[in-house]
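Okay, structure first, notes after.
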Amino acid sequence: TRGSARPSRSASTTPSRTPTASPSPEALLAARYETLATRIFGYTGEVVVDNPADTAAQDWTVVLTLPSGSTVADVNGADWRQDGRSVTFSGPAVPAGGSQVIRFDVRDASPFVKAPEACTVVGTPCAGL
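To get my numbering, take the position in the sequence shown, counting from 1, and add 29.
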C-alpha cells in the first residue's frame, strides 16, 4: 500500500534562551598613551588604563612595541618585562570606574624616537598613538 507523507506532529516548545556571557571587565578596559617628556636618546611615557565597568578588572596587560634598540627603565605603576621590542606591563586590579597609571622611561639609540610604535591593553589599541 502507498501512503502519503504526513508531517509529524511534535509538541510545541518555546525556544530556549541561550545565556549570553557578559564581557569580562578586562575586555572593557581602555587605555591612552602620552609622551610626557622628551630628551636626546629617550623619552618618558605614560599609559593610563581606564576601567568603565562596574567590577574590578583583575587580569590585565598593556603591551608596548618599541623600535629596535629601545629599552625601558624606571617603571612606576606596574610590574613589567621586556622581551626584545615587546614590553608587557601588568599590575594590581583596576577598580570599577577607576584607572591605573603606568609611567616609564625609554632609552633609545636614535635621537628621533619619542613614542612606542604600538600600544595595546588586553589586545585593544591604546588611544594617543
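Positions of the beta carbon are idealized from the N, C-alpha and C atoms, including for glycine.
Model, not experiment: these values are computed from the prediction.
query, result
"Span of the beta strand (DSSP E), counted from its first residue to its last, around N80", "Looking at the DSSP string, N80 is not in any beta strand (DSSP E), and its letter there is neither H nor E."
"For C148, the first and last residue of its enclosing beta strand (DSSP E)", "A147 to V150"
"Sequence-distant residues of its chain with Cβ nearer than 7 Å to C155 (five each side left out)", "A60, R61, Y62, V76, C148 and T149"
"Beta strand (DSSP E) runs wholly inside the region 81–122, at least 3 long, in chain order", "91–94, 100–105, 108–112 and 115–119"
"Segment limits, beta strand (DSSP E) that includes L57", "Here L57 belongs to no beta strand (DSSP E), and DSSP marks it neither H nor E."
"Under the three-state DSSP convention, the category P124 falls into", "coil"
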